[in-house]
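Here the sequence shown stands for residues 819 to 1192, where the numbers follow the numbering used here.
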Amino acid sequence: MQFQNVIGQFSAKHKLQNMMASGRMPHALLISAAEGFGGLPLAVALAQYINCENPTAQDSCGVCEACNKIKKLIHPDVFFTYPTVSQKSGDKPVSTDFIKQWRKAFSENPYLTYNQWLTQITDDNKQGNITVNECHEIIKRISLKNYEGKFKVQIIWMAELLREAGNALLKSIEEPPANTVFILVTEQPELILNTILSRTQMLCLPPIEHEAIEQAIAAKIDFERKDEAKRLANLSGGSWATALELMNEEDSEVEDIFLNWFRYSAGNFSVQTASGVLQIIDEFHGLKREKQKLFVRYGLFFIENCLLQKLNGENFLQHQALEASKKIAARYSVEAFEKVTNLLNKLHYQIERNANAKISLHSTSIKVNEAMAI
């Protein structure tokens, strides 16, 4: 995995390149990145860069023995920790128990999500965890001499799942053996122990740049129409994981649900509109979390186009959504659209934090009705 294989994130790559060039690479780096923003692939690309036998100022060479081994996740000095599940009562799982599944999953999709990983290792509705046993394994691994790499690199993916077990790693993270680098990757840094946070240098990844994700979509699907890649890039919210999902399935379902919800929520209150909203809230509650997030991202895209329509007549929507947005843009104010945008952003945050979807959308519906009151 090279930096050039990581979609976008140009500023973060530049910071890491500068750290290497100046000799100021921290011994413990925390990459904070929302799902699909590229935290894991960037961590692997960095591990490859610092162990490459012939690096340039911008990237690893991609062809030396170290690069080839890290690309396949088989380098003896690059270690991976990730959420695991117990296969039976009394199990004390560690990451190496699932290394074959891990290599396969990463090779198929470096932008692997937590839920996608769990489906690779369990058929049950179990939650993954990083156990204290795994922490003890980490301590043992990094205490060994390097086999062949310039650096031992320990990557911990979904580091928020360390929870209290992370206390076992405090000394190792603060004072690791020589030529050892910890790279922690998290989607929720607020869930990581403060004692770990204080021992790491944080690198926050923003959403993937729009142009970069649009180009990646166009290259992967080979769309004949540029507008389609642009539309999916807008809907992705800067997440390649979401972009992949959009490319693999139609988004017409969430479009229909959102348009119906918005018509009811923005309309004058009546028994009919209240009943319609409640029915859609129940439907929304039954969707998987990824579909719920897609509903909100589509909503943000729709409102953005209503604003564009109102301000300069520009609009990237299609079919029924295009016609609906023109009518809505003519009826409501810029201030109303800005309020709804803020409400949808808040709803997205709540869903990401596993808030009750039914309660969250119900509250948002009431506030949208207030914001759109004429």
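Built from N, CA and C at the ideal position, the CB exists for glycine as well. Note that the structure is a prediction, hence the values are computed from the model and not measured.
| Check | Outcome |
| --- | --- |
| Nearest-angstrom Cα distance between Gln827 and Leu1023? | 7 Å |
| Are the region 1115-1132 and the region 1157-1174 touching, with three or more C-beta to C-beta distances below 8 Å? | yes |
| Considering Cα atoms alone, identify which of Thr1004, Lys906, Glu1108 is closest to Asp941. | Lys906 |
| Tell me Ser850's beta-bridge partners as DSSP assigns them. | Thr1004, Cys1022 |
| Here's a check: name, in chain order, each residue in its chain whose Cβ is nearer than 6 Å to the Cβ of Trp1079, leaving out the five neighbours to either side. | Ile1098 |
| Do Asn997 and Lys968 count as a contact pair if the criterion is CB distance below 9 Å? | yes |
| How would you call Leu1125, buried or exposed, if buried means at least 16 neighbouring beta carbons within 10 angstroms? | buried |
| If Lys833 and Val824 are in contact, beta carbons under 8 Å, what's the gap, nearest whole angstrom? | Wrong, their Cβ atoms sit about 13 Å apart, outside the cutoff. |
| Relative to the C-alpha of Lys1144, which residue among Asn1133, Val1152, Ser1151 is closest? | Asn1133 |
| Please confirm whether Lys918 and Met819 have their CB atoms less than 9 Å apart. | no |
| Quick test of your reading: Asn1187 and Ala1084, contact by CB under 8 Å. State the CB separation rounded to the nearest angstrom. | 7 Å |
| Helix, strand or coil: how does DSSP classify Lys906 here? | coil |
| Could you tell me if Asp895 is buried or exposed, where buried requires 16 or more neighbouring beta carbons within 10 angstroms of its beta carbon? | buried |
| Looking at C-alpha atoms only, which residue of Leu1053, Ile1001, Val950, Ala1175 is the closest neighbour of Ala865? | Ile1001 |
| Look at Ile1026 and Gly854 and say whether their C-beta atoms are less than 9 Å apart. | yes |
| Tell me the DSSP secondary structure of Val999 in three-state form. | strand |
| Could you check what DSSP says for Thr1060 in three-state terms: helix, strand or coil? | helix |
| For the beta strand (DSSP E) holding Ile973, just list the boundary residues, first then last. | 970-975 |
| DSSP state of Thr800, grouped into three classes? | The chain is shown only over 819 to 1192; residue 800 falls outside these bounds and no answer can be derived. |
| Given that a residue counts as buried once 16 or more other Cβ atoms are within 10 Å of its Cβ, and exposed if not, what is His1137? | exposed |
| If we count the other Cβ atoms within 10 Å of its Cβ and call it buried at 16 or more, is Arg1017 buried or exposed? | buried |
| Is it buried or exposed, Lys1111, if we count other Cβ atoms within 10 angstroms and call 16 or more buried? | buried |
| Please name the residue in Glu992, Glu1101, Pro994, Leu980 whose C-alpha comes closest to that of Glu1005. | Leu980 |
| According to DSSP, is Asn927 part of a helix, a strand, or is it coil? | coil |
| Across the region 1026-1038 and the region 875-884, are there enough close Cβ pairs to call them in contact, namely three or more that are closer than 8 Å? | no |
| Taking the CB atoms as reference points, tell me whether Val999 and Met838 lie closer together than 9 Å. | no |
| For the alpha helix (DSSP H) containing Cys953, list its first residue and its last residue. | 950-961 |
| Is it buried or exposed, Asn869, if we count other Cβ atoms within 10 angstroms and call 16 or more buried? | buried |
| When the distance is taken between beta carbons, is Ile957 closer than 9 Å to Leu848? | no |
| Starting from the C-beta of Pro873, find all residues in its chain whose C-beta is less than 7 Å away, skip the five residues before and the five after it, and write them out in chain order. | Tyr867, Cys879 |
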